[in-house]
Amino acid sequence: MTMSSKSFVVVGAGPAGMRAAEQLVAAGQRPIVVDEGSRHGGQIYRQPPAVLQRERSDLYGFEAARASAVLDRFEALRPQIDYRPETLAWQLETNTLQLLHAGRTRALPFDALILAPGATDRVLPFPGWTLPGVYTLGAAQVALKHQGCLIGPRVVFAGTGPLLYLVAWQYASHGARVAAVLDTARSSAKWLAAPRLLSRPAVAAKGAYFVARLRMMGVAVHGGITLLEAEGGERVTALRWQAGGTAHTTECDAIGFGHGLRSETQLADLAGCAFDYNELEQAWLPRRDAAGRSSVRGVYIAGDGAGILGADAAELSGARAALAALEDLGTAVSAPERAARIERDLQAHVTFRRGLETAFAPPPRWAVDAPDELIVCRCEEVTAGELRACVRDTGTHEMNRLKALTRIGMGRCQGRMCAPGASRLLAHAAGCELREVGRLRGQAPIKPVPIAMLHEQAPSTVVPEDQDD
Amino acid sequence: MSNSAPLLRRIAGAARESIEFELNGQRCSALEGDTVLTAVLTNAAKLRESEFAGAARAGFCLMGACQDCWVRLADGERLRACTTFVEPGMRVRTGP
């Protein structure tokens, strides 16, 4: 096999995927980049449709220069990249991806696969979270960046994590009335307090800046709160919450909430990658070495899909995974100094991340406090009470068993939204540690695909009956 | 805010071509570059009703992960509203 005949495939065109592609191009390869989005950028640097002209400074704020650098670089390299937007990788088997684009599926074999699928909001729900007007923090950002819309004119932002303050500030500076910022973690002055956060002083300073600006704009910022209920019949009209034993009601037209991020890991699962429980993330993540190699030969994992480290780290881990893939396939002279430098730089992000996750820990009492009538699974409307009753009646203490018995995680989202809550409820009800309940197994297709598409593929995969004659 | 007032509020990109589509049989206006979700929710306050309680839903994650914004077109086709761009003449149904 000649050097140029190796097939390098990258899934995801966010910071990790874009930098991985760049590294592969630099080594003389022509990588295939598959992405669900209509334009490159991922979620963090999501670009609006071309007809919706927006200034980068307006879209990305402090990160505009960083966003431009990576977006423009990818754009410049487009002739050397086989870029496939609006394409879903929905199955992965025996070193072959199945791709869905424009209603048709096709197989894509690979020699090296770099998975950079990113993350979504980690959601620990509260009563009323299915009402129109209640969105994730990520959704609030997508509405603004991709569609030039606010999720409502008067918004409460709630939950915890750095995104809480960033989105609240973005909304306040785009004319929304931010009715309150409600942090389930203790103190909003935590940005400069935690020593680990000072490992990246510029980022910590930005966080402190958002809080200070919000306060100057007259926005109420509260820490150590508990979310009680989103009120409203057909749409959200108010949020009830509690702090220090006192209940409050804040009127609003919309709520953006989330409790940090969770990695997208379905493709790594289908690839057969080994997973380990990660105490910091309180989640099962694909095992990988410092370079991004998974336990499966030829499969690499980069960016937030390998554990949450943020956009800047994603650029680094994307490049590092590409270097590893090139080295493993013998398609480039190894670059040990550059690789070592990237790994060293990544370490600062790991330290910072530990600080963040400590300062913005998800509410530890969530599973204790969740009322029985709380809908945990918004696809199938399975309640906390039903999950608890199942544990009581069957003695199950494993996520996939709970899924079989209650349909939790069996809906269209395949557990993306409900798994953080359901696993915590299961662990609490069964009296065991979160790691002991395991994780929902990934299933193909990893997102809904039209049945007509599967039919179209049939002629090439089904042997005609008269073949044996 | 009344129950029927639109959910989303536009703050940018007003200078775009408008697109006419149909929402539950009513002619509505959206803008070029709108997703179906944006097109519907700048005109109304819900996208669909849940299959179990029949409660109003209006999407949740807006990034193709939660699958809570699948809507039906008049011809029966189903599509994910947050990742599909609205097209002229599209006939969207948000009710049963």
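Chains A and B, in that order, are what the protein sequence lines are. Under the working numbering, the first residue of the first sequence carries the number 406, and numbering increases by one thereafter. Under the working numbering, the first residue of the second sequence carries the number 387, and numbering increases by one thereafter. Note that CB positions come from ideal geometry on N, CA and C, so glycine has one too. What you are looking at is a predicted structure, and each value in this text was computed from that prediction instead of being measured.
Span of the beta strand (DSSP E), counted from its first residue to its last, around residue i
i: A/Ile780; result: 780-782
i: A/Asn683; result: 680-683
i: A/Asp526; result: 524-526
i: B/Arg458; result: 456-459
i: A/Ala688; result: 688-691
i: A/Arg817; result: It is not in any beta strand (DSSP E) - A/Arg817 carries neither H nor E in the DSSP assignment.
i: A/Phe662; result: 659-664
i: B/Arg464; result: 464-466
i: B/Phe407; result: 404-409
DSSP-derived helix/strand/coil call for residue i
i: A/Glu870; result: Reliability fails at A/Glu870, whose pLDDT of 41 lies under 50, so the model's placement of it is uncertain and the value that follows must be treated cautiously. Of the three classes helix, strand and coil, the one that applies to A/Glu870 here is helix, per DSSP.
i: A/Tyr959; result: The first residue shown for chain A is 406 and the last is 874, placing residue 959 of chain A beyond what the model contains.
i: A/Arg461; result: helix
i: A/Ala730; result: helix
i: A/Gln496; result: strand
i: A/His579; result: coil
i: B/Arg434; result: strand
i: A/Glu441; result: coil
i: A/Ile856; result: helix
i: A/Ser700; result: coil
i: A/Asp588; result: strand
i: A/Tyr450; result: coil
i: B/Glu473; result: coil
i: A/Val539; result: strand
i: A/Val414; result: strand
i: A/Gln647; result: strand
i: A/Ala863; result: Note that A/Ala863 scores a pLDDT of 45, beneath 50, so its modelled location is shaky; the value from the coordinates is reported in the next line. Reduced to three states, the DSSP call for A/Ala863 is helix.
i: A/Glu786; result: coil
Residue i at chain B interface by Cβ criterion, 8 Å
i: A/Met406; result: Note on A/Met406: pLDDT 40, under 50, position unreliable in the model; the coordinate value appears next. Not an interface residue.
i: A/Gln448; result: yes
i: A/Leu555; result: yes
i: A/Pro850; result: no
i: A/Asp874; result: A caution first: A/Asp874 carries a pLDDT of 36, below 50, which makes its placement in the model unreliable, though a value can still be read off. Not one chain B Cβ lies under 8 Å of A/Asp874.
i: A/Arg846; result: no
i: A/Gly580; result: yes
i: A/Glu791; result: no
i: A/Val755; result: no
i: A/Cys784; result: yes
i: A/Pro691; result: no
i: A/Val854; result: no
i: A/Val456; result: yes
i: A/Asp871; result: Note that A/Asp871 scores 42 on pLDDT, short of 50, meaning its location in the model is unreliable and no value can be drawn from it.
Start and end residues, alpha helix (DSSP H) containing residue i
i: A/Trp771; result: 771-774
i: A/His551; result: 542-552
i: A/Ile747; result: 741-764
i: A/Glu791; result: 789-799
i: A/Ser828; result: 824-835
i: A/Arg605; result: A/Arg605 -> no alpha helix (DSSP H), and no H or E assigned at all.
i: A/Gly422; result: 420-431
i: B/Val422; result: 422-427
i: A/Gln671; result: 671-675
i: A/Thr811; result: 804-811
i: A/Arg478; result: 469-482
C-beta atoms of residue i and residue j nearer than 8 Å
i: A/Leu482; j: A/Ala494; result: no
i: B/Cys447; j: A/Thr631; result: no
i: A/Phe680; j: A/Arg667; result: no
i: B/Glu403; j: B/Arg477; result: no
i: A/Val414; j: A/Leu518; result: yes
i: A/Leu807; j: A/Cys795; result: yes
i: A/Leu619; j: A/Val583; result: yes
i: A/Ala718; j: A/Leu675; result: no
i: A/Val438; j: A/Arg489; result: yes
i: A/Leu690; j: A/Gly712; result: yes
i: A/Met822; j: A/Arg783; result: yes
is_contact[residue i, chain A] using C-beta, thresh 8 Å
i: B/Thr480; result: no
i: B/Asn389; result: yes
i: B/Gln412; result: no
i: B/Gly399; result: yes
i: B/Ser353; result: With chain B covering 387 to 482 only, the question about residue 353 of chain B has no answer from this structure.
i: B/Leu393; result: yes
i: B/Arg505; result: Nothing about residue 505 of chain B can be reported from this structure: the residues present for chain B run from 387 to 482 only.
Cβ-based contacts, 9 Å cut-off: residues of the region 438-462 of chain B near chain A: Phe438, Ala439, Ala441, Ala442, Arg443, Ala444, Gly445, Phe446, Cys447, Leu448, Met449, Gly450, Ala451, Cys452, Gln453, Asp454, Trp456
Under 9 Å (Cβ pairs) to chain B, residues found in the region 819-838 of chain A: Gln819, Arg821, Met822
Proximal residues, the region 458-489 of chain A versus chain B, C-beta separation under 8 Å: Gln458, Arg459, Asp463
Near-chain B residues of the region 524-554 of chain A - C-beta to any C-beta below 9 Å: Thr525, Asp526, Val528, Trp534, Thr535, Leu536, Pro537, Gly538, Val539, Tyr540, Thr541, Gly543, Ala544, Ala545, Gln546, Val547, Ala548, Leu549, His551, Gln552, Gly553, Cys554
Contact residues within the region 411-431 of chain B, judged by C-beta distance below 9 Å to chain A: Leu417, Glu418, Gly419, Asp420, Thr421, Leu423, Thr424, Leu427, Thr428, Ala431
Interfacial residues, the region 626-645 of chain A to chain B, with Cβ spacing under 8 Å: Gly638, Glu639, Arg640, Thr642
Contact set between the region 802-818 of chain A and chain B, restricted to residues whose Cβ is under 9 Å from the partner: Gly816, Arg817, Cys818
Residues of the region 670-686 of chain A with Cβ closer than 7 Å to any Cβ of chain B, in chain order: none
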